[in-house]
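A.B. asks: Take a look at the following structure, please.
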Amino acid sequence: MSKIFVTSDLHFNHDREFIWGPRGFHSVEGMNEAIVQRWNSVVSPEDTVHILGDLCLGGSEALAKNEELLMRLNGNLQIILGNHDTTPRKIMYASLPNVTLT
419 MSKIFVTSDL HFNHDREFIW GPRGFHSVEG MNEAIVQRWN SVVSPEDTVH
469 ILGDLCLGGS EALAKNEELL MRLNGNLQII LGNHDTTPRK IMYASLPNVT
519 LT
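The sequence shown lines up with residues 419 to 520 when you count with the working numbering.
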């Protein structure tokens, strides 16, 4: 039986110490990788995850990194856009097979 999860503000690739430092990480890369590993240890491929905004950050140079991270996440991602979800990110989200924008 599939499960439903709700989360928000993952801030993948938000390369500011005030984000990854208080979360207990030494770098944004460490934070990104830990989120993916922890996520996949709980969420199965058939589960649904509602993401309430601010999934990814970083400029245009981070789009490919963000796309790669999202493709690694288990589950069907239902993204509710937040204030950091720019047009380039929306386009990237919409191109992913495991994502639905709401």
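Backbone N, C-alpha and C fix where the C-beta goes; we use that ideal spot for every residue, glycine too.
Would you mind stating whether residue 449 and residue 485 have Cβ atoms separated by less than 7 angstroms?
C.D. replies: Mapped onto the sequence shown, residue 449 falls at position 31. Mapped onto the sequence shown, residue 485 falls at position 67. Taking 7 angstroms as the Cβ cut-off, residue 449 and residue 485 do not qualify as a contacting pair.
A.B. asks: Please report the residue range of the beta strand (DSSP E) in which residue 423 lies.
C.D. replies: Along the sequence shown, read from residue 1 onward, the residue named residue 423 stands at position 5. Looking at the DSSP string, the run of the beta strand (DSSP E) that includes residue 423 is 422-425.
A.B. asks: Could you tell me whether the stretch 463-471 touches the stretch 437-446, where touching means 3 or more Cβ pairs closer than 8 angstroms?
C.D. replies: With the cut-off at 8 angstroms, the stretch 463-471 and the stretch 437-446 do not touch.
A.B. asks: Need the endpoints of the beta strand (DSSP E) that residue 518 sits in, please.
C.D. replies: As a working mapping, residue 518 is identified with position 100 in the sequence shown. Here the beta strand (DSSP E) through residue 518 covers 517-519.
A.B. asks: Take residue 454 as the anchor and find which of 505, 490, 508 has the nearest alpha-carbon.
C.D. replies: By 1-based counting over the sequence shown, the position of residue 454 is 36. When only C-alpha atoms are compared, the closest one is 490.
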